[in-house]
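The numbering of the sequence shown is the working numbering, which starts it at 8 and goes up by one. All C-beta atoms in this analysis are idealised placements derived from N, C-alpha and C, irrespective of residue type, glycine included.
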Amino acid sequence: DILIKGIRGACHKGPINYEPTRLFIMAALSAKPLESKIAPSLLACDLSDMAGEAARVMDAGADALHIDVMDGHFVPNLSWGPPVIKKLRQRSDAFFDVHLMVSDPLAYVGPMADAGADGFTFHVEAATDPCDVVDAVRAASRPMVVGVALRPDTPVEALDALWRDGAFLPDLVLVMTVPPGFGGQAFMADQMPKVEALRRRFPTMDIQVDGGLNLATVEVAARAGANCIVAGSAVFKSDRPAEVISALRDGVETLALHKPARKRGGMVSSWRPRAESFEHPP
């Protein structure tokens with residue numbers, strides 16, 4: 008089914024172009040199956056106990072910590088930078104999924120690698136040459152997964168600049184489902200056509216959504232094809248985060264990955280972090 012969908016995605020806009028079809032088949036045969044990945048956003052945590060909050064959600068079954076870096080220029084808000092992330096790394100071995108909402112992502116590659124980031128997702132709108140950013144991340148001192156993010160007002164065609172020699176360079180695409188810069192905003196369902204288009208084009212790539220995700224909206228995102236969910240308030244504001252993470256994962260696995268729902272009862276505190284699901288690129 009994945010191969011058929013990929014071939015259709017490569018050819019659906021016109022006559023068969025055998026080169027992207029061949030490249031897709033090669034990628035699909037070598038790719039690992041998609042997995043559900045739940046990354047609670049630290050922007051919604053109790054900032055007076057960031058390390059404790061990080062441990063709480065990782066012990067509840069999260070796959071990664073989503074860490075928003077905002078510079079006050081690309082977005083109007085300010086958050087934290089490499090020094091805070093470096094300190095948090097001393098207290099946590101979680102996968103750090105860092106989302107750079109900054110006007111100069113290239114300048115952050117080295118500092119983020121030094122701070123201990125595992126994922127480096129930058130905005131295509133902020134990069135003069137997004138391929139240069141990807142190249143810098145690949146050459147960094149620490150292996151990092153490379154992601155590219157789209158604001159709600161940015162079309163998927165903006166990603167065309169990230170192809171080289173017939174290959175799409177990033178490992179992940181993040182579709183913002185709220186305007187970036189602040190937490191606690193309402194989910195924008197009108198962004199789902201982007202997710203659907205990306206899933207048709209990239210059947211085996213991680214597609215992440217961020218903004219307004221909760222137990223209701225995850226169903227909309229998962230049906231569109233998102234397998235990576237960033238959830239802030241839904242997880243951190245709950246006194247039963249393990250159940251929330253479990254339900255978010257079920258939504259992805261049944262609606263996006265088409266796996267049978269798992270029967271669970273009560274808390275699932277025995278679940279451990281699955282940071283290995285966010286694998287570093289070779």
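How about residue i and residue j: are their beta carbons less than 8 Å apart?
i	j	result
Met-151	Ala-124	yes
Phe-243	Phe-209	no
Phe-129	Val-155	yes
Ala-46	Val-237	yes
Gln-198	Val-180	no
Leu-54	Gly-239	no
Leu-113	Ala-58	no
Lys-39	Asn-234	no
Pro-159	Pro-137	no
Val-141	Pro-177	yes
May I ask you to list the residues that DSSP assigns as paired with residue i?
i	result
Arg-171	Ala-174
Phe-129	Leu-107, Val-155
His-80	Its beta-bridge partners do not exist; DSSP assigns none.
Leu-85	Asp-78
Ser-48	His-73
Name the residue from the options whose alpha carbon lies nearest to the alpha carbon of residue i.
i	options	result
Gln-192	Arg-206, Val-144, Thr-224	Thr-224
Ser-48	Ala-143, Leu-41, Ala-71, Asp-66	Ala-71
Val-259	Ala-228, Asp-142, Val-251	Ala-228
Asp-257	Val-116, Leu-222, Ser-245	Leu-222
Thr-211	Trp-170, Leu-264, Glu-250	Leu-264
Gln-97	Ala-122, Asp-75, Met-65	Ala-122
Val-91	Ala-249, Glu-42, Phe-103, Leu-255	Phe-103
Ala-165	Lys-201, Met-65, Trp-87	Lys-201
Val-153	Thr-161, Leu-169, Val-163, Pro-162	Leu-169
Pro-248	Ser-86, Ala-61, Asp-56	Ala-61
Leu-255	Leu-220, Ser-99, Asp-246, Ile-214	Leu-220
Val-82	Leu-107, Ala-67, Gly-218	Leu-107
Report the CB separation of residue i from residue j in whole angstroms; it is logged as a contact under 8 Å.
i	j	result
Gly-126	Val-105	6 Å
Ala-147	Ala-120	4 Å
Could you tell me which uninterrupted beta strand (DSSP E) segments, each at least 3 residues in length, are contained entirely in the region 185 to 266, listed from first to last along the chain?
Within the region 185 to 266, the complete beta strand (DSSP E) segments of 3 residues or longer fall at 213 to 217, 235 to 238, listed in chain order.
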